Amino acid sequence: MDVVTHWPLDAAHLRLAANPDTLHKRVMRYLPDLGGRSSAIRADTDTQYRVDLPNDVCGDRGRITLRLRSHALEGFTASEGAPQLANGIRLTAVVAAEKRATQDDGRVRIRPVTDDEAEEWARELLRRHGFDTSTLAVSAARAFGSLKARRSVHFTVRDIVATVNIADPALAALAVERGIGRGRAYGLGMLVAMPSAAPVRAESAS
1 MDVVTHWPLD AAHLRLAANP DTLHKRVMRY LPDLGGRSSA IRADTDTQYR VDLPNDVCGD
61 RGRITLRLRS HALEGFTASE GAPQLANGIR LTAVVAAEKR ATQDDGRVRI RPVTDDEAEE
121 WARELLRRHG FDTSTLAVSA ARAFGSLKAR RSVHFTVRDI VATVNIADPA LAALAVERGI
181 GRGRAYGLGM LVAMPSAAPV RAESAS
């Protein structure tokens, strides 16, 4: 089920929303305590989430919006349904816009997707998950998390808003259930349906 809840727009919750690791720990409190049975409860329960500030693509004025998609939530009733896939649906997601490459010494190098690469990269990401893209908007890149703290979790992220057709129903359904791309433990990659009349706030990176 999908649940939409809200946090106050105050300094403490803004700091929470800006820190991937702290945010993950806070959101995992919504899931049941399995008494050590699971070492990665989010993945084991296919739980996804995303956090939007008021001016984000799915944001609400004056408050922070938390969306959760999970079969393991306790004490909630569904606020809305997961996207019902059909040709022409408009989907949005906040994604880790990064490329990984293994160097000759075996180390993995991660670099941000450039503005010139962003649109084609986003189309390919959606294609790998069963979607053909007819329209696409990709936001400018921004940081999620701090590079200053040692061993801190951080990503370069972009919003994508796309009108899609379903090329592979099985892959597309799995993408809705589990999310797309990297960083799903930290609130990235959750596909949310947008109303057809909703404005597109993800400005083109080009």
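By full-length UniProt numbering, the letter at position 108 of the sequence shown is numbered 108, and the numbering carries on one by one without gaps.
The C-beta atom is built at its ideal place from N, Cα and C for all residues, glycine as well.
Fair warning: this is a prediction, and the values are worked out from it, not measured in the lab.
### Message
Measuring straight from C-alpha to C-alpha, what distance separates residue 211 and G62?
### Response
Because the chain here runs from 1 to 206, residue 211 falls outside it and cannot be looked at.
### Task
Check T186 in the structure and name its three-state DSSP category.
In the sequence as presented, Thr is not what sits at residue 186; that position holds Tyr. In the three-state reduction of the DSSP assignment, Y186 falls in the helix class.
### Query
Cα-Cα, which of D168, D159, E119, N87 is closest to N55?
Nearest Cα to N55 within the set D168, D159, E119, N87: D159.
### Helix, strand or coil at A198 [DSSP, three-state]
A caution first: A198 carries a pLDDT of 45, below 50, which makes its placement in the model too unreliable to give a value.
### Query
Alpha carbon to alpha carbon, how far is R123 from L136?
Taking C-alpha positions only, R123 is separated from L136 by approximately 8 Å.
### Message
Quick check on H129 - is its C-beta less than 8 Å from some C-beta in chain B?
### Response
Absent from the structure is chain B; it holds one protein chain and no more.
### Query
Counting pairs of beta carbons, one from the stretch 183–195 and one from the stretch 90–99, are three or more of them closer than 8 Å?
These segments touch.
### Per-residue burial, Q48 [other beta carbons within 10 Å of its own, 16 or more giving buried]
Residue environment analysis places Q48 among the buried positions, since at least 16 neighbouring C-beta atoms fall within 10 angstroms of its C-beta.
### Query
Three or more C-beta pairs closer than 8 Å, one from the stretch 31–50 and one from the stretch 63–79: is that the case here?
Inter-segment contact for the stretch 31–50 and the stretch 63–79 is present: three or more beta-carbon pairs are separated by less than 8 Å.
#### Entry: Extent of the continuous beta strand (DSSP E) run through L136
Run containing L136: 131–138, per the beta strand (DSSP E) assignment.
### Message
Please tell me whether V138 and L91 are closer than 8 Å, where the distance is taken between their beta carbons.
### Response
Between V138 and L91, the C-beta gap is not smaller than 8 Å, which leaves the two residues out of contact.
### Task
Indicate the three-state DSSP secondary structure (helix, strand or coil) for K148 in the structure shown.
In the structure shown, K148 adopts coil according to DSSP, grouped into three states.
### Task
Give the straight-line distance between the Cα atoms of A141 and F155, rounded to the nearest whole angstrom.
Between A141 and F155, the C-alpha separation is close to 10 Å.
### Message
Pull the bridge partners of F155 from the DSSP assignment, please.
### Response
Beta-bridge pairing links F155 to F144.
### Message
Under 8 Å, with one C-beta from each stretch per pair, do the stretch 76–89 and the stretch 101–111 reach the 3-pair mark?
### Response
No: the two stretches stay apart, fewer than three of their Cβ pairs being nearer than 8 Å.
### Query
Between the Cα of D168 and the Cα atoms of D116, E117, D132, which residue gives the shortest distance?
It is D132 whose Cα lies nearest to the Cα of D168.
### Query
Using DSSP with H/G/I as helix, E/B as strand and the rest coil, what is L91?
L91: strand per DSSP, three-state reduction.
#### Entry: Rounded C-alpha distance that separates S79 from A173
Cα-Cα distance, rounded: 20 Å.
### Per-residue DSSP class, three states only, for E74
Residue state, collapsed to three classes: coil.
### Query
Quick one, which of G59, D2, D21 has its alpha-carbon nearest residue 240's?
In the structure displayed, the chain extends from 1 to 206; residue 240 sits before or after that span and is not available.
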